[in-house]
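Take a look at the structure below.
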Amino acid sequence: MSRIANLKVWRGAARNTGWWENFDVPFEKGQSVLDGLRWVRIHKDPTLAVRFSCINANACKECMIQLDGETVYACTARLEEREMTLTPLPNKPIVRDLVTEIAPPSERFGR
Ligand code: FES
16 MSRIANLKVW RGAARNTGWW ENFDVPFEKG QSVLDGLRWV RIHKDPTLAV RFSCINANAC
76 KECMIQLDGE TVYACTARLE EREMTLTPLP NKPIVRDLVT EIAPPSERFG R
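If you read the sequence shown in this note's numbering, its first letter stands for residue 16, the second for the next number, and so on.
Laid out in structure tokens, this is it:
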């Protein structure tokens, strides 16, 4: 039997209209939560919004999300063989899905 991690992911573009989606992803020891999210984008749903840049160096700080209520870097948090609840940062404006506005207001482009 194949090993599975279940990612329960918050989706949406506003906190009061969001919903949950569950994705089963293949589990391999040593993979990161970001690896799982990238697998979802490639194999299940390319519309899932996730921000990352350095992928695994913990250098860009762009992949911050909440995992089971704790703030983590998705690229360094380890994938586990269980349901893992992923939500956008609670104290930042939502852009979409797991992406929040993390740039200081003075560094944002005008809309
Ligand atoms: S992707 Fe750069 S710190 Fe996680």
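Glycine included, C-beta positions come from ideal geometry on N, C-alpha and C.
These numbers come from a predicted model, not from an experiment.
Residues of its chain near LYS107, where Cβ-Cβ distance is below 8 Å and the 5 sequence neighbours each way are ignored: THR115, GLU116 and ILE117
Collapsed DSSP secondary structure at LEU22 in the structure displayed: strand
Those residues which DSSP pairs with LEU82 across a bridge: GLU85 and LEU101
Contact under 9 Å by Cβ, LEU113 with ARG66: yes
Member of PRO103, ARG123, PRO120 and ILE70 whose CA lies at the smallest distance from the CA of ALA28: PRO103
TRP1 - partner residues in DSSP beta bridges: In this structure the chain extends from 16 to 126, so residue 1 is not present and cannot be described.
Check: LEU63 C-beta below 8 Å from any heavy atom of the ligand FES: no
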